[in-house]
Amino acid sequence: MTAVPLETVPPIAPQAQTVGLRRDTCPHPLIEEVYASRRVPLPGGASAPMNVYIPREQGDYLYSLVRHYRPSRTIEVGLANGLSTVCIAAGLEANGSGTHTAIDPFQECDWGNAGLELVHRAGLSHRLRHIADYSHRALADLERDGYSCTFAFVDGAHLFDYVIADFLCIDRVLDAGGLIVFDDSDWPAVRQAIRYILANRAYEVAHPEVVIESRPPTPTMSARLIRRLGRALPRFGSKLRPDFLRPDEELALHGRCIALRKLDHDHRNSQSRCHEPF
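In terms of numbering that gives the first Met the number 0, the sequence shown opens at residue 0 and continues consecutively.
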């Protein structure tokens with residue numbers, strides 16, 4: 000893996016953290032073409048069905064975040080067919096600077112280099128560095144080389160332990176004030192990982208007003224009553240699941256793409272024996 004220059008990464012401006020997000024549309028014409036045709040280009044002129052992809056609205060959200068926060072370094076776990084990568088890289092291009100690092104060991108064997116081809120055809124290869132390795136190894140190498148960033152997008156394996164592993168590795172290179180965005184955050188394992196982070200690390204939901212494809216549950220009368228009793232009677236409440244006692248809606252966890260803002264680095268006592276319930 001190529002060593003990363005150790006220049007200082009400018010922190011996210013405080014005003015960018017508090018001002019409302021302007022919702023932009025990723026203007027690249029290739030994005031329009033791919034979503035219209037539902038096919039992604041492959042090297043050599045062939046194409047493949049777009050069977051796995053982020054919604055257009057989510058790509059625009061990623062683009063808007065990059066335009067709003069103006070990060071100089073961004074990172075992504077899971078390149079796949081490259082739609083999210085193009086949206087992030089297009090945001091950097093519109094900002095006039097920045098390098099995007101995409102980690103994906105399966106780009107050639109599983110995706111036929113579709114993601115790299117899409118970035119190439121978009122004319123954004125100069126904004127991208129692809130690392131063909133597993134995320135836990137690649138991120139550890141980046142940390143060792145002194146890399147840091149202010150924006151990360153996690154779209155790797157969606158099992159709880161894999162999401163947590165990606166988070167733990169990214170957290171070590173993510174600057175305070177930076178964002179980490181989770182794809183498919185409506186999947187149970189990903190949602191539980193986000194709840195763990197909010198309960199145990201110094202993170203908050205960024206831009207809760209942005210909701211991508213939300214399907215909020217409607218609690219029954221009995222559920223509302225049990226929840227109320229659990230809060231009023233701590234001994235009874237301790238027997239209830241934390242995600243029942245404090246549901247996702249109260250944590251502003253909605254939809255399939257959630258951004259968290261890092262407030263501070265981890266200062267917990269290493270002798271602590273248990274985590275906060277989530």
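We put the CB at the ideal spot given by N, CA and C, even for glycine. Values in this document were obtained by computation on a predicted structure and should not be read as measured data.
Same chain, Cβ closer than 6 Å to residue i, neighbours up to 5 away in sequence not counted
i    : result
F277 : R194, Y195, A198 and P241
A251 : V204 and P207
Residue i (DSSP reduced to helix, strand or coil)
i    : result
P4   : Note that P4 scores a pLDDT of 40, beneath 50, so its modelled location is shaky and nothing firm can be said.
T219 : coil
Y34  : helix
D23  : coil
P48  : strand
P40  : strand
H129 : strand
F105 : coil
A137 : helix
A151 : strand
8 Å contact criterion, which residue i and residue j should meet: CB distance rounded
i    : j    : result
L117 : V65  : At roughly 17 Å, the Cβ-Cβ gap does not stay under 8 Å, so L117 and V65 are not in contact.
S83  : I53  : 5 Å
I179 : A151 : 5 Å
R126 : L91  : 5 Å
T73  : I87  : 6 Å
C256 : S184 : 6 Å
Residues near residue i by beta carbon distance below 8 Å, same chain, minus five either side
i    : result
Q191 : F159, D242 and F277
D109 : none
C-beta atoms of residue i and residue j nearer than 8 Å
i    : j    : result
I169 : V153 : yes
L262 : A205 : no
S124 : G97  : no
V189 : G254 : no
R128 : N94  : no
G155 : L115 : no
A121 : L228 : no
Residue interval of the alpha helix (DSSP H) (run including residue i)
i    : result
I196 : P187 to N199
E248 : E248 -> no alpha helix (DSSP H), and no H or E assigned at all.
7 Å Cβ shell around residue i - same chain, five flanking residues per side excluded
i    : result
V172 : L138, L141, E142, Y146, S147 and C148
D23  : D59, Y62, S63 and R66
A47  : R38, V39, L41, G111 and A113
R21  : S63 and H67
L167 : none
Unbroken beta strand (DSSP E) run spanning residue i, endpoints
i    : result
V180 : L173 to D182
Y202 : Y202 to A205
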